[in-house]
Amino acid sequence: QFLYFIGGGVMSTARQRFNDASRRVMLDARSRVHAQADFTKDRGHILKSISDKTYRPKRSHEDQQRHALVSSKSNQVAALAERYRRTPAPQLLTKLHSTLDQIPAFTIDDDPEFESCRKLLRVAHQMKLTADTPALDCAANLVQRHAYLVGHEAAAELAAALPALYPARSRWATDARGGAAGRFKTLAPRLRQLAPEALLGESATVLSTAARLGVGDGKTFAAFAASITEFHENTTVADTCRAMEAASRAAATADEMRELLLSVKGKIIDDA
């Protein structure tokens, strides 16, 4: 009986030690699980913080100044172009060219949203300015080089500006990129990708530019004809007619144009 009592005490002590050890292991495992959960929940913020500190160094003061200068001067050019459109005074044109010359060469880091590029391209198109002005050539090259990043608006604005920027009877006609026609051919695949998003005015711009440069092709026409068919119901008959006029010059065959006409004739007849 005495031995049984001693044996029971030993077993009780061993069991208590085992339970205590098990509890410590469980608590430690639970704390590890919670810690892992907290890291998983916050890892996006943690990794972003590490990335910002490690892989995104702060831009230099010179870079920040160039970004501000490009943005400011592009805004001034756009404002001067609008003033000149309303009142074509020679001094405004002189000031516009002077402001363009003050824009330094810039990169996508200076204009990541292509806002300055788009303003400069619109001015080039509206005022028939050539790429002899470095800032305009820079803007066109930047959009062309990063065409996979731009939206349908910027792509259409570049297409519209190409004939003015790189005229056929100029030194640009024989440059490495083939002048306006060569640049349009390079841009065409991206234009076709963006065609489903293009508004009627943008479709008309692209098709009329292709016809003017003599570089229209069946794929580009089909892509923008489909866009015109898709969106013509939500616009005015005047816009539809303008798009159809551009399409008529870009169509390679009569069958292409006939098919497009059949798709939009209801809108034209109903609104006439």
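This note's numbering applies: residue 62 is where the sequence shown begins, and numbers increase by one. Glycine included, C-beta positions come from ideal geometry on N, C-alpha and C.
Whether residue i touches residue j by CB criterion (8 Å)
i, j, result
"Ala271", "Gly262", "no"
"Ala311", "Leu321", "no"
"Leu161", "Ala196", "yes"
"Leu255", "Gln205", "no"
Residues near residue i in its chain [Cβ-Cβ closer than 7 Å; skip 5 each side]
i, result
"Ser110", "With a pLDDT of 49 at Ser110, under the threshold of 50, the modelled position of that residue is not reliable, and the figure given next carries that caveat. Excluding positions up to five away in sequence, the list is empty."
"Leu154", "Tyr145"
"Leu157", "Val138, Leu141, Ala142, Tyr145"
"Ser132", "Ser177"
"Leu252", "Ala216, Ala220, Val267, Thr281"
"Ala234", "Gly240"
"Ala96", "Here the model assigns Ala96 a pLDDT of 47, short of 50, so the residue's position is not dependable and the matter cannot be decided."
"Ser324", "Thr290"
"Arg244", "Gln205, Leu223, Tyr227, Arg238"
"His207", "Ile169"
Status (buried if at least 16 other CB within 10 Å, exposed otherwise) for residue i
i, result
"Tyr209", "exposed"
"Asp113", "Low per-residue confidence applies at Asp113: pLDDT is 47, beneath 50, and the placement is therefore not dependable, though the value from the model is reported in the following sentence. The residue is exposed, with fewer than 16 neighbouring Cβ atoms inside 10 Å."
"Asp171", "buried"
"Ala53", "Given that the chain is displayed from residue 62 to residue 333, the structure contains no residue 53 and the question cannot be resolved."
"Ala185", "buried"
"Ser121", "exposed"
"Ser159", "exposed"
"Thr301", "buried"
"Arg147", "exposed"
Residue i Cβ short of 7 Å to the ligand COA heavy atom set
i, result
"Leu181", "Only the bare structure without any ligand can be found here, which leaves the ligand COA out of the picture."
Neighbourhood of residue i by C-beta distance below 6 Å, restricted to the same chain and skipping five residues each side
i, result
"Thr266", "Ala217, Ala221"
"Ala242", "Leu274, Val276"
"His128", "Asp171"
"Ser264", "Phe285, Ser288, Ile289, Ala304"
"Thr194", "Leu161"
CA-to-CA distance, residue j to residue i, given in whole angstroms
i, j, result
"Phe167", "Phe292", "36 Å"
"Lys180", "Ala225", "15 Å"
"Ala313", "Phe282", "8 Å"
"Asp198", "Ala192", "5 Å"
"Arg273", "Lys326", "25 Å"
"Thr260", "Arg183", "The amino acid at residue 260 is misidentified as Thr; the sequence shows Leu. For Leu260 and Arg183, the distance between alpha carbons rounds to 17 Å."
"Ile164", "Asp124", "14 Å"
"Leu223", "Thr297", "27 Å"
"Tyr227", "Gln187", "14 Å"
"Ser231", "Arg319", "37 Å"
"Leu169", "Phe175", "Note that residue 169 is Ile in the sequence shown, not Leu. Answer to the nearest angstrom: the Cα atoms are 8 Å apart."
"Pro151", "Leu130", "25 Å"
"Glu306", "Ala299", "11 Å"
"Asn136", "Ala315", "44 Å"
"Pro149", "Ser269", "27 Å"
"Asp134", "Gly279", "Note on residue identity: the sequence assigns Lys, not Asp, to residue 134. Straight-line Cα distance between these residues: approximately 40 Å."
Of the listed residues the options, nearest to residue i (C-alpha basis)
i, options, result
"Pro257", "Ala200, Asn295, Ala287, Arg206", "Ala287"
"Asn202", "Arg230, Ala237, Leu323, Lys189", "Ala237"
"Leu219", "Arg230, Leu190, Arg232", "Leu190"
"Pro250", "Ser231, His213, His186", "His213"
"Pro173", "Val211, Ser159, Asn136", "Val211"
Cβ neighbours of residue i in the same chain (closer than 8 Å, five flanking residues each side left out)
i, result
"Lys246", "Gly239, Val276"
"Glu317", "Gly279, Phe282, Ala283, Ala286"
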